[in-house]
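Below you'll find the structure, written out as structure tokens, and then a few comments.
2 protein chains.
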Amino acid sequence: MNQDIGGRLRELRTRRGLSQRQLGRLTGVANASISQIEAGKLNPTVSMLKKVLDGIPVSLSAFFSGDTEQAERFFFRADELTEIADGGVSFRQVGANLKDHSIQLLRECYQPGAGTGRHAITHQGEECGLILSGRLKITVGDQTSVLGEGDAYYFKSSQPHSFHNPGNVPCELISACTPPTF
Amino acid sequence: MNQDIGGRLRELRTRRGLSQRQLGRLTGVANASISQIEAGKLNPTVSMLKKVLDGIPVSLSAFFSGDTEQAERFFFRADELTEIADGGVSFRQVGANLKDHSIQLLRECYQPGAGTGRHAITHQGEECGLILSGRLKITVGDQTSVLGEGDAYYFKSSQPHSFHNPGNVPCELISACTPPTF
DNA sequence: CACAAGTGTTTACTTTACTGAACATTTTGA
DNA sequence: TCAAAATGTTCAGTAAAGTAAACACTTGTG
């Protein structure tokens with residue numbers, strides 16, 4: 005844990021071309037502390053880490069979300085988007101097999117009458133989508149709406165939510181959400 | 005600062021229906037510490053805060069990015085998605101006027117020959133998309149590919165990237181990305 | 001009512017985060 | 001070539017984080 009923090013801090017600091025002493029003077033933190041944090045020999049307080057990061061500058065949020073890695077593949081052919089069907093609902097996820105992604109982009113298709121049960125187990129993150137064709141009845145919290153082609157939705161996944169196709173033609177849409185687990 | 009952390013922790017804990025002691029037993033942290041953190045009287049170490057958050061469970065990333073607020077609107081009619089055109093490229097963003105969102109879902113249209121310059125100023129986050137119609141030539145890092153209907157892409161925005169429509173019909177796609185700024 | 005089990009808070013005490021000043025090396029420049 | 005001024009690391013002292021055990025209070029149950 006502290007090894008991770010230290011390594012990441014060192015990477016950010018050196019990438020910025022700063023020495024431990026420079027960063028220390030800049031932030032009012034002892035250079036010894038920065039050295040020990042980077043070596044994983046110190047268990048920094050949040051306020052301490054924040055002071056140091058302010059000098060880089062990087063937010064705590066950015067620091068812990070840590071998106072510095074490179075993706076190994078960028079392009080996916082249509083037939084690679086394996087379809088997952090469940091009842092009258094089918095999904096095709098872009099980049100489903102990527103090991104570390106923060107967006108789930110789905111092409112979804114709801115057959116007439118199909119839908120999801122109410123998601124009682126709400127998850128973190130956010131969801132949004134845009135209707136390509138057909139009609140979809142969406143309930144979020146205590147609000148319900150029937151969306152048609154070109155309409156869209158956006159909500160925090162912590163809201164209980166459900167989808168249902170009330171029409172008599174399939175409903176196609178594209179949805180994007182942040183992953184359920186952090 | 006510690007007031008903020010404390011308040012946020014208390015909000016998350018109580019929303020979860022946990023008492024300080026329950027959370028303490030669950031995580032192996034003294035309930036007194038949780039009490040003091042919530043009161044802003046303690047300056048927790050990162051590892052300490054992480055142990056506590058693991059019991060909720062919330063990641064450090066989610067904790068500091070703070071996506072617990074409720075969206076005020078969930079549904080958007082097609083004509084509300086105001087179009088932004090720039091050269092031969094047009095965008096329609098879902099939930100563009102939401103004050104705090106972590107996904108940018110765009111319906112994009114590239115006219116024949118249109119494209120973006122190479123994005124030299126790379127930003128944080130990730131981008132992905134799915135081609136609805138037409139063809140789009142995408143360059144990411146040192147890789148280039150021409151995608152057609154149903155094809156998709158996914159990459160970290162820190163990679164230099166550019167888009168261009170090499171065909172003679174408009175190219176429509178849906179893209180999703182995490183916001184450029186933290 | 002009384003008592004048991006829960007809640008969050010406060011208080012000594014132990015552990016440790018954090019500092020300032022040393023250290024050993026490497027780089028810069030006259 | 002030899003200071004001079006960087007670099008990162010180690011170390012003793014101190015300020016504070018974190019704990020265990022009390023506290024005062026509320027809630028439910030026989």
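Protein chains in written order, with my numbering: chain R, 5 to 186; chain P, 5 to 186.
C-beta: ideal position from N, C-alpha, C; glycine also.
When the Cα atoms are used, Arg-19(R) and Tyr-158(R) turn out to be separated by approximately 36 Å.
Excluding sequence positions up to five before and after Arg-25(R), its CB lies within less than 8 Å of the CB of Asn-35, all in the same chain and listed in chain order. For Thr-18(R), there is no enclosing beta strand (DSSP E); the enclosing alpha helix (DSSP H) covers residues 6-19. DSSP, reduced to helix, strand and coil, places Ala-180(P) within a strand of the structure shown. Contacts with chain R at 9 Å (Cβ-Cβ) do not include Lys-45(P).
Non-local C-beta neighbours of Thr-31(P) in its own chain, meaning closer than 8 Å and more than five positions away in sequence, comprise Lys-55, Val-56, Asp-58 and Gly-59, ordered along the chain. In this structure the region 132-145 of chain P touches the region 174-182 of chain P; the number of beta carbon pairs closer than 8 Å is three or more. At least one CB atom of chain P sits nearer than 9 Å to the CB of Pro-48(R). Taking Gly-10(P) as the centre and dropping the five residues before and after it, the same chain places the C-beta of Ile-41, Glu-42, Ala-43 and Gly-44 closer than 7 Å to its C-beta, in chain order. Just so you know, the alpha carbons of Ile-38(R) and Val-150(P) end up roughly 47 Å apart. When 7 Å is used as the limit between beta carbons, Asn-6(P) is near these residues of chain R: Ser-51, in chain order. Neighbours of Leu-64(P) in chain R, taken as residues whose beta carbon is under 7 Å from its own, are Phe-68 in chain order. In the structure shown, the three-state DSSP call for Arg-29(R) is helix. Among the CB atoms of chain P, one or more fall inside 9 Å of the CB of Leu-136(R). The beta carbon of Val-93(R) sits closer than 6 Å to the beta carbons of Tyr-114 and Ala-118 from its chain, once the five residues preceding and following it are set aside; these are given in chain order.
Here DSSP, grouped into helix, strand and coil, assigns Lys-45(R) to coil.
Contact annotation: Ser-63(R) and Phe-95(P) have beta-carbon atoms that are not nearer than 9 Å. Here the C-alpha atom of Leu-110(R) lies approximately 11 Å from the C-alpha atom of Ala-156(P).
In terms of Cβ geometry, Met-5(P) and Val-33(P) do not form a close pair [threshold 9 Å]. Under DSSP, the beta-bridge partners assigned to Gln-147(P) are Val-144(P). With 16 or more neighbouring CB atoms inside 10 Å of its own CB, Asn-169(R) falls in the buried class. For Lys-54(P), the chain R residues whose Cβ falls inside 8 Å of its Cβ are Met-5, in order along the chain.
If you ignore the 5 residues before and after Thr-148(R), its C-beta comes within less than 8 Å of the C-beta of Lys-141 and Ile-142, all in its own chain and listed in chain order.
In the DSSP annotation of this structure, the continuous segment of the alpha helix (DSSP H) that includes Ser-51(R) starts and ends at 50-58.
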